[in-house]
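Asker:
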Amino acid sequence: MENTAPAAPPPNRFYVVPCMLTICSLFSGFYSIVSSFNGHFFAAAVAILVAAVFDGLDGRVARMTHSTSTFGMELDSLCDMVAFGVAPGVLAYLWALTPYGRYGWLAAFLYVAATALRLARFNSQTVASPSHDFTGLPCPAAAGMIATAVMFSTHVFKTASTVQHVALLLMVYLLSYLMISTHRYLSFKHMDIPKEKRFQLIVGLILLLILLASEPPITLFLASALYILSGPVLAVKERVRRKRPKPVKQDPPLE
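Note that the sequence shown covers residues 5 to 259 in our numbering.
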């Protein structure tokens, strides 16, 4: 009998493990919303970060086990909309934007709308022209910036002030712009690391983990801020490189 290659899995196949990790991300986002309504803002911020961890794991597991599917991608986008769109918007509004009335909830809605646009563009770009880098700020990073800002303010200043509220209001507008912008943000999903440098990378990651675990509300906030700023910095460097005049080749002198 002639041997035949196994048929490819249908695009709408349901894979239990990565989908359950995605549902865990959705659960964390919903828990963040409930905690925000109950006034437990620090717990709401931590839940958003936990959702980001599950969001990173589901894609990794799907690629490692060759269980990617269209169903999983659509489920991931819907869960991301709740965990990294609605949950951070509700947290920002209830923690800092409520005193601004209509302008406060409109700013929160702008963030949610920018997240939806960011996810829709990401899905269309992934299908049409996959890239190793992100176009625009990824919504988990934007949500992490809001979450770590709340954690940082709660840990350092204990009580929220008008200055912190204004800073978060401006941050919401900035994050909304960066998500729908064309700034390039580095992705660490497809890092090509030489074999001779993998041990050094592991040691560096352990040191980074120790640094982040020393004072999580402070170190996570600083790490998020650095990643947020990396996009505009790369854009400025690229613009400077393009404007730099190219050296003109001179002909050798005639003898």
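Glycine included, each C-beta is placed from N, C-alpha and C at the ideal position.
So, is Arg122 buried or exposed, given that buried needs 16 or more other C-beta atoms within 10 angstroms?
Answerer: It is buried - the Cβ of Arg122 has at least 16 other Cβ atoms within 10 Å.
Asker: For Phe156, I'd like the list of residues in its chain whose CB is within less than 7 Å of its CB, leaving aside the five on either flank, ordered along the chain.
Answerer: Cβ within range, chain order: Pro221, Ile222, Phe225.
Asker: Using the C-alpha atoms, what's the distance from Phe113 back to Arg106?
Answerer: Approximately 10 Å, taken between the alpha carbons.
Asker: Exposed or buried, what is Ile232 when buried is set at 16 or more other beta-carbons lying within 10 Å of its beta-carbon?
Answerer: So Ile232 ends up on the buried side.
Asker: At the level of alpha carbons, what is the spacing between Thr8 and Tyr19?
Answerer: Only weak support exists for where Thr8 lies, its pLDDT of 47 falling under 50; the value from the coordinates is given anyway. Rounded to the nearest angstrom, the two C-alpha atoms are 24 Å apart.
Asker: Are the beta-carbon atoms belonging to Ala51 and Tyr35 less than 8 Å from one another?
Answerer: Contact flag set, yes.
Asker: Who pairs with Thr139 in a beta bridge, going by DSSP?
Answerer: Answer is Arg188, bridged to Thr139.
Asker: So, is Ala118 buried or exposed, given that buried needs 16 or more other C-beta atoms within 10 angstroms?
Answerer: With 16 or more other Cβ atoms within 10 Å, it is buried.
Asker: Out of Pro22, Ser39, Ile27, point me to the one whose CA is closest to Ala151's CA.
Answerer: Nearest of Pro22, Ser39, Ile27 to Ala151, Cα basis: Ser39.
Asker: Measuring alpha carbon to alpha carbon, tell me which of Arg243, Tyr97, Ile214, Val207 ends up nearest Ala171.
Answerer: Ranking Arg243, Tyr97, Ile214, Val207 by Cα distance to Ala171 puts Tyr97 first.
Asker: Please check the pair Ser32 and Ala55, which I expect to be a contact at CB under 8 Å, by giving their CB distance rounded to whole angstroms.
Answerer: At roughly 4 Å, the Cβ-Cβ gap stays under 8 Å, so Ser32 and Ala55 are in contact.
Asker: Can you grab the Cα-Cα spacing for the pair Ser228 / Gly148, in whole Å?
Answerer: Cα to Cα, the separation comes out at about 7 Å.
Asker: Can you give the Cα-Cα distance for Asp137 and Arg245, rounded to whole angstroms?
Answerer: For Asp137 and Arg245, the distance between alpha carbons rounds to 19 Å.
Asker: Grab me the residues of Gly93's own chain with a C-beta within less than 6 Å of its C-beta, minus the 5 sequence neighbours each way, in chain order.
Answerer: Correct list, in chain order: Ala112, Tyr115, Val116.
Asker: Whole angstroms are fine: how far does the CA of Asp80 sit from the CA of Leu141?
Answerer: About 17 Å.
Asker: Given Gly185, which residues of its chain have a CB within under 8 Å of its CB, disregarding the five upstream and five downstream residues?
Answerer: The sequence as given places Ser at residue 185; Gly does not occur at that position. Excluding sequence neighbours, Ser185 sits near Gly140, Leu141, Gly235.
Asker: Is any heavy atom in the ligand ATP found nearer than 7 Å to the beta carbon of Leu30?
Answerer: Of ligands this structure carries none, so the ligand ATP is not represented either.
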